[in-house]
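Scroll down for the structure; my scribbles are underneath it.
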Amino acid sequence: MTEFRGKVAVVTGAASGIGRGLSERFAREGMRLVLADIEKAPLESLAEILRTGGTEVETLVTDVSSGAAVEALAVRAYDAFGAAHVVCNNAGIVPAGRYRPVWEFSVEDWRWAIDVNLMGVVHGIRSFVPRMRAAGGWGHIVNTISVAGLYGGAGSPVYGASKHAALRATEALYSSLAEEGSPIGVTALCPGVVRTAIGTSERNRPTGLRLASGNPDEIAAMQAASDAVTAKGLDPDTVAAMVVEAIARRQFYLVTTTAFDGAIRVRMEDILERRNPTPVDLLALATGDVNGRG
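If you want it as structure tokens, here you go:
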């Protein structure tokens with residue numbers, strides 16, 4: 232059994248949603264925490280709550296789209312605790328109006344999603360994995376992907392593309408570490424629908440990247456539909472418990488629901504059979520049994 236007590240966990244996107252669930256669960260496991268988020272107030276609020284419960288917590292406001300910022304986070308972790316055993320590259324965003332056609336998204340939408348959802352993971356790998364390898368002991372990387380990184384279809388193209396890319400990078404990380412017999416494990420966390428605030432990511436859009444193009448009323452309607460689905464999702468605490476189990480089992484693919492299995496399967500079959508992509512109604516899938524676990 233993996234012993235978490237006394238170990239060090241680093242979590243990005245820690246102030247809300249899955250990141251907060253992970254932080255609270257790791258605290259209950261007796262870990263020391265280094266928490267990062269782009270939003271200072273909720274980050275510090277969470278840290279104070281955890282410190283009151285006796286957890287050692289370091290915080291750093293971090294924009295994971297910046298390699299320098301993530302490197303500073305690694306420096307903070309090692310300066311404070313001398314190690315990082317579990318690193319959760321969790322921060323993520325989704326541009327507004329996710330169900331629009333791919334051609335309606337602006338270059339700025341694409342840049343924002345790639346910078347956070349893909350490069351945030353890449354920066355985490357580059358800053359932490361060399362240090363963890365040099366330490367030579369047990370460790371684990373958890374990269375938050377999404378079921379959107381597993382299936383195809385027209386829905387949520389910008390978010391989905393960034394998550395497909397992040398999964399590919401995570402698979403490469405797993406393979407490289409496995410080939411060298413490393414004690415560092417890797418998990419690709421692929422949540423389905425979870426009750427988080429990712430649907431309101433626009434609150435954190437950088438000033439230099441303008442808002443998405445498109446009809447504001449249509450985007451608002453899409454957002455309302457997305458919010459209604461999110462309200463039916465898993466609790467972040469449930470996802471965090473799954474992550475702890477996955478780390479202990481050295482499980483790579485952690486898909487939190489079976490609700491999207493049909494869409495994942497048909498994509499794989501389309502590729503293997505060399506046939507054209509089968510249309511997927513993402514919103515219809517999501518409004519079904521979003522928490523199906525088989």
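Going by our numbering, the first residue of the sequence shown is number 232, and it counts up by one from there. For every residue, glycine included, the Cβ atom is placed at its ideal position computed from N, Cα and C.
What would DSSP say about residue i, mapped onto helix, strand or coil?
| i | result |
| --- | --- |
| L408 | helix |
| I324 | coil |
| Y330 | coil |
| V301 | helix |
| Y390 | helix |
| V292 | strand |
| Y484 | strand |
| H316 | coil |
| T509 | coil |
| L349 | helix |
| L465 | strand |
| G525 | Only weak support is given to the placement of G525: the predicted model assigns it a pLDDT of 36, under 50, and the question is left unresolved by the model. |
| V378 | helix |
| V360 | helix |
| V425 | strand |
How should residue i be labelled, buried or exposed, when 16 other C-beta atoms within 10 angstroms of its C-beta is the threshold for buried?
| i | result |
| --- | --- |
| K238 | buried |
| V424 | buried |
| E255 | buried |
| V511 | buried |
| R331 | buried |
| T290 | buried |
| V288 | buried |
| G386 | buried |
| A490 | buried |
| W334 | exposed |
| D466 | exposed |
Considering residue i, what are the terminal residues of the beta strand (DSSP E) in which it resides?
| i | result |
| --- | --- |
| D268 | R263 to D268 |
| V241 | V239 to T243 |
| V416 | What sits at residue 416 in the sequence shown is Gly, not Val. It spans I415 to C421 - the beta strand (DSSP E) in which G416 sits, taken as one unbroken run. |
| I372 | G370 to T375 |
What separation, rounded to the nearest whole angstrom, lies between the Cα atoms of residue i and residue j?
| i | j | result |
| --- | --- | --- |
| R496 | D310 | 45 Å |
| Y382 | H395 | 9 Å |
| D501 | P508 | 6 Å |
| V521 | N374 | Caution is warranted here: a pLDDT of 43 is assigned to V521, below 50, making its placement in the model unreliable, and no coordinate value can be reported. |
| I249 | V475 | 13 Å |
| A315 | A308 | 7 Å |
| G282 | R498 | Here the sequence assigns Arg to residue 282, which means Gly is not the residue at that position. Taking the straight line joining both Cα atoms gives about 46 Å. |
| V265 | R505 | 46 Å |
| N435 | S247 | 13 Å |
| G412 | G368 | 12 Å |
| E234 | G252 | 19 Å |
| L274 | A322 | 13 Å |
| T286 | F312 | 13 Å |
Over the uninterrupted alpha helix (DSSP H) stretch that includes residue i, give me the two end residues.
| i | result |
| --- | --- |
| G250 | G248 to R259 |
| L541 | Summary: the structure shown does not reach residue 541, with the chain confined to residues 232 through 525, and so no result is reported for it. |
| S337 | S337 -> no alpha helix (DSSP H), and no H or E assigned at all. |
| A272 | K271 to T283 |
Within the same chain, show all residues whose beta-carbon is closer than 7 Å to that of residue i, passing over the 5 residues directly before and after it, in chain order.
| i | result |
| --- | --- |
| S296 | D346, V347, M350 and G351 |
| L398 | I376, G380 and A419 |
| A366 | A314 |
| M363 | A315, G370 and I415 |
Could you pull out every residue in the same chain whose Cβ sits closer than 6 Å to the Cβ of residue i, ignoring the five residues on either side in sequence?
| i | result |
| --- | --- |
| P361 | none |
| Y405 | V417 and F483 |
| E279 | none |
| G298 | H354 |
Residues in the same chain with beta-carbon distance under 8 Å from residue i, minus the five sequence neighbours each way, listed in chain order, please.
| i | result |
| --- | --- |
| K271 | V292 |
Under 7 Å: does the beta carbon of residue i sit that close to some heavy atom of the ligand HEM?
| i | result |
| --- | --- |
| R282 | Questions concerning the ligand HEM fall outside what the structure shown contains, since it holds no ligand whatsoever. |
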